[in-house]
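Have a look at the structure below before the remarks.
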Amino acid sequence: MTFYFESEWEEEAFPECEAVLRSVFEAACDYVGCPYECSVNMLLTDDAAIHSMNKEFRGIDRATDVLSFPMVDYKEPGNFDGLEEHTEEYFEPESGELLLGDIVISVERAKAQAAEYGHSVKREMAFLTAHSMLHLFGYDHMEDAERIEMERMQEEILAKLSIGRDNA
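Start counting the sequence shown at 4; every next residue gets the next number (our numbering).
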């Protein structure tokens with residue numbers, strides 16, 4: 004599994020940030036039962052940069068906490084059937100890894116939300132990573148039932164890593 008990590012944020016967001024977010028990536032892959040070795044790109048940035056990306060790619064003129072850019076079109080969320088028919092499109096030629104996509108997190112927004120929700124920055128960024136990973140596996144939250152399902156899945160991924168609201 005390959006976790007490409009880049010930070011434009013001038014300091015470490017929290018102790019062992021890269022290792023923790025890598026563990027969330029791996030736990031999410033295990034949770035959905037991904038049968039492939041995978042790769043994901045993660046970028047940590049600030050509100051100004053994510054605002055620009057949100058406007059350019061989604062047409063929304065404001066900052067957000069996390070953006071997900073999936074590379075795979077799933078028949079249904081978390082269903083890996085038939086992906087091998089798209090080897091050139093979905094798999095890295097040299098490593099054979101499934102190219103899940105990109106995650107961009109605003110550390111600035113994550114820190115503000117952590118303070119607002121009364122938990123650690125570690126917990127907030129782990130939550131945003133789990134949330135984004137589910138998007139990379141085809142899950143969405145456009146309807147209430149989807150939102151409730153994603154929230155349950157996010158909490159279960161974090162629970163496997165003992166990252167809760169009160170212990171992270």
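A virtual CB, placed ideally from N, CA and C, is assigned to each residue, including glycine.
Discussion item. My output table needs one value for Val-23: the three-state DSSP class, helix, strand or coil.
Written reply: helix
Worksheet item: How do the stretch 41-53 and the stretch 159-167 stand: do at least 3 beta-carbon pairs fall below 8 Å, yes or no?
Response: no
Worksheet entry | Assigned secondary structure, Glu-149 (DSSP; H/G/I helix, E/B strand, else coil) | helix
Discussion item. Need the endpoints of the beta strand (DSSP E) that Glu-5 sits in, please.
Written reply: A quick correction: the sequence has Thr, not Glu, at residue 5. Where Thr-5 is concerned, the enclosing beta strand (DSSP E) stretches over 5-10.
Worksheet item: Should Glu-40 and Glu-100 be called a contact, given that it needs their Cβ atoms to be closer than 8 Å?
Response: yes
Worksheet item: Which term fits Glu-111, buried or exposed, when burial requires 16 or more other beta carbons within 10 angstroms of its beta carbon?
Response: buried
Worksheet entry | Three-state class that DSSP yields for Phe-94 in the structure shown | strand
Fill in: Sequence ranges, beta strand (DSSP E) only - wholly within the stretch 28-99, length at least 3
41-48 and 69-73
Practice prompt. Starting from Ser-109, follow the alpha helix (DSSP H) in both directions and report where the run begins and ends.
Written response: Per DSSP, Ser-109 belongs to no alpha helix (DSSP H); it is in the beta strand (DSSP E), 101-109.
Practice prompt. Pick out whichever of Ala-16, Ser-42 and Pro-73 has its Cα sitting closest to the Cα of Phe-28.
Written response: Ser-42
Worksheet entry | Assigned secondary structure, Tyr-120 (DSSP; H/G/I helix, E/B strand, else coil) | helix
Fill in: DSSP three-state assignment for Pro-164, whether helix, strand or coil
According to the sequence provided, residue 164 is Leu. The question's Pro does not apply to it. Of the three classes helix, strand and coil, the one that applies to Leu-164 here is coil, per DSSP.
Item to complete: Answer with buried or exposed for Ser-98, where buried requires no fewer than 16 other C-beta atoms within 10 angstroms of its C-beta.
Response: exposed
Fill in: Own chain residues within Cβ distance below 6 Å of Thr-132, not counting five before or after
Leu-24 and Val-27
Worksheet item: Around the Cβ of Gly-62, are there at least 16 other Cβ atoms within 10 angstroms (buried) or fewer (exposed)?
Response: exposed
Worksheet item: How many Å lie between Glu-159 and Glu-149 at the Cα?
Response: 15 Å
Practice prompt. Name the residue from Arg-155, Phe-140 and Gly-167 whose alpha carbon lies nearest to the alpha carbon of Gly-36.
Written response: Phe-140
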